[in-house]
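The block underneath contains the structure these notes are about, expressed in structure tokens.
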Amino acid sequence: MTEFHSSYAMPQAGIPDDLTIPQFILDYHHPLRPVRPQGTPWLIDDATGRSVAYEELRVRTYGLANALYLKWNFGEGDVACIFARNHIDYVVAVWAVHRLGGVVSTANPAYTADELHYQLTTVKTSLLLVHPDVLDTAQVAAKKAGLSVDRVVLFECLPNSIPASHPTFQDLITEGLNKDPSFVEKRLAPGEAKTKLAVLCFSSGTTGRPKAVAIPHYALIVNIIQGAVFFGLGDPSIPQDDKRYRPGDIACGVLPLFHIYGLVVNLHFVIFAGMTMVVQPRFSLQKFLKSIVRYRITVLYLVPPMFILLCKDPIVKNYDLGHVRTTNSGAAPFSIELVQQLSQVLPNASITQGYGMTETSTTVSATSPLQRHTKGGVGVLLPGVVARVVKQDGSLARVGETGELHLNTPSLALGYLNNERA
């Protein structure tokens, strides 16, 4: 019988269980968090080149939170659904909701009105935060769910296309910054972050309709710290040039932020690690290649179909990608044949992959930091993770036998919202 334990130990101290995600990222300095090079932005808008650093993110988050409380009395336990493609204010929306004690539910912007309506009613949404590209769908779903027009908030205003009945982020942020503070941010009691809901991410699972995975703040924070330990982010004994991720790195931000991989790894881990995320609204190969060159992107977080395009499309040869130093794949299998092809396209880059799921708040295993390329497997377990392979009869599989993977990790979700049987 075999039970697998990570060879990496969780840090004995420094796993806060009394902080929300924005408190952890904006207000708290973890000992494993690297020092960000001075003047390094946290985010860059791919389309405009606008860069945003810590102070602006902190101020915009406060302004939006203050306005949400003033206008709708949005607060403890209320749910805001984000129905948008990637946007530089996406994280501002997430953190503003959390500052008020609310819960974020992220929705796929490709949803139909019926699919969005199902999510809105399942999580009992009280605010819908929408990109104008998908406003028509949002309006139909919101009306069906009984949300009033003024509770559909727009990320931005597109000229001559947005009815004045919908407030915009900028309007709310300006209002929130011009008014006296209206809310007192809740400080969690010791241990409360382990049960305090942060995100309701929908997972297709294996059967039935998509289910809302209930993820507490602690699980998200733990997964970031697990990655920090695993990759030696704050370990002074590891030379900087030997680290896979380094402060000052530039990471692409094309993975959808409604998905747990994009939200936790591509956004929050990148920020924690002192990297800059180039926010890209959607994947278009030519625009993506131009972005890599324009911003000198060094880290690529992608999924296998995107890597396949990099290997197959002849236009890739027109771009100098020699500065790309690290790639990471997730969400689907990454074959050794694809590794070999990609190493020809990105000769200076390590090619790695990880494994995880929404229910584990993303990553449970990744290619070892001591290994340059993945060998087709999903690597080794992150700190604190225990894995078993269980056969149909309930016994543990031996080496070489197949079965169902059972995982235990401190980043485990609480379960499925209102669905104990699942």
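Numbering-wise (the numbering used here), the sequence shown opens with residue 3 and increments by one. In this text, a Cβ means the ideal position worked out from N, Cα and C, and glycines have one as well. This one's a predicted model, so the numbers in the text were calculated from it and none came from an experiment.
Within 9 Å, strictly: CB atoms of residue i and residue j
i	j	result
S331	T354	yes
H89	P24	no
L202	A221	no
T123	S107	no
G51	G77	no
A86	P385	no
I217	A415	yes
T329	L348	yes
G234	R35	no
G381	V341	no
G250	P39	yes
G255	V281	yes
V105	D80	yes
E58	A389	no
S2	V387	No statement about residue 2 is possible, as the shown extent of the chain runs from 3 to 424 and does not include it.
G193	D395	no
V428	S352	The requested residue 428 does not occur in the structure, where the chain is confined to residues 3 to 424.
Endpoints, beta strand (DSSP E) assigned at residue i
i	result
D1	There is simply no residue 1 to check, as the chain begins at 3 and stops at 424 in what is shown.
F204	L199 to S205
H408	E406 to N410
M279	T278 to V281
G255	I252 to G255
T365	T364 to A368
L259	No beta strand (DSSP E) contains L259, which DSSP labels as neither H nor E.
L323	Here L323 belongs to no beta strand (DSSP E), and DSSP marks it neither H nor E.
L129	L129 to V132
V136	V136 -> no beta strand (DSSP E), and no H or E assigned at all.
L156	V154 to L156
Three-state secondary structure (DSSP) of residue i
i	result
I299	coil
Q355	strand
K188	coil
S239	coil
N330	strand
G417	strand
F232	helix
P24	helix
E5	strand
A147	helix
L291	helix
P218	strand
K213	strand
P398	Looking at the sequence provided, one finds Leu at residue 398 rather than Pro. It is a strand residue.
H270	helix
L372	coil
L34	coil
L383	strand
K377	coil
N350	coil
A11	coil
E403	coil
K245	coil
Given residue i as reference, the closest of the options once Cα atoms are compared
i	options	result
Y321	T329, S337, L304 and F290	F290
T306	F271, A275 and L344	For the record, residue 306 in the displayed sequence is Pro; it is not Thr. It is L344 whose Cα lies nearest to the Cα of P306.
F157	Q342, R284, H325 and L66	L66
A82	Q172, Q121 and L398	Q121
F26	V61, K181 and R189	R189
T365	L372, P371 and Y357	Y357
P283	V267, F336, D91 and D29	D91
A49	S370, Q373 and S286	S286
V301	V318, D315, H119 and F271	F271
Q288	Y263, V132 and V318	V318
T63	T42, L28 and S53	L28
V136	V125, P13 and A109	A109
W97	H219, K292 and C313	H219
V93	V54, V125 and Y71	V54
D182	R400, H168, L72 and L131	L72
L130	A112, Q14 and L149	L149
Y297	A15, L21, L45 and H31	L45
H133	G178, I84, H7 and Y113	I84
Y56	I273, E403, L304 and E339	I273
I223	T22, H31, P13 and H7	T22
N350	H119, C159, Y247 and H325	H325
Delimiting residues of the alpha helix (DSSP H) encompassing residue i
i	result
G178	F171 to N180
V347	I338 to V347
L122	A115 to V125
P307	P306 to K314
V392	Taken as a continuous stretch (DSSP letters only), V392 belongs to no alpha helix (DSSP H), being part of the beta strand (DSSP E) at V388 to V392.
Every unbroken alpha helix (DSSP H) inside the stretch 50 to 110 [4 residues or more]:
56 to 74 and 92 to 101
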